[in-house]
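4 is the number of the first residue of the sequence shown in our numbering; add one for each residue after it. Glycine included, C-beta positions come from ideal geometry on N, C-alpha and C. So the structure is just underneath, and the comments pick up after that.
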Amino acid sequence: MFKTNITGVNLTLLNLKIKMPIVDINSILIIHRRLKNDYEKLKSTNNVLVQENLKLETTVRRQQDWKVNEKMRFEGQFNVILSDYFSPTQIKMILNPKKRV
């Protein structure tokens, strides 16, 4: 008889009885079909979410580009309007009061 000692507990491997439930093949096939259908649904949902994510990333990139372009356009117009009254350094100080020029 083969015995093993794990943390002070003696286990006799030959005396272990393993009870396996008898499973009907039809129930296995039904479970397999359900799992396969669930997998396909999740895969489809994932593809839809990936496409939506790509659209949102594109929208965010466009908005960031627009924001940068709008700031440059505003500063350009501001420089043109104020250039008759202020020097370029003074205009920079007006546009960015917290920055050192």
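Query                                                                                                                       : Result
Measuring CB to CB, does phenylalanine 81 end up less than 8 Å from leucine 59?                                             : no
Does isoleucine 34 pass the burial test, meaning 16 or more other C-beta atoms within 10 Å, or should it be called exposed? : exposed
Do you know how far the Cα of lysine 39 is from the Cα of asparagine 49?                                                    : 15 Å
What did DSSP end up calling phenylalanine 81 once you bin it into helix, strand or coil?                                   : helix
Using the three-state DSSP reduction, which class does serine 90 fall into: helix, strand or coil?                          : coil
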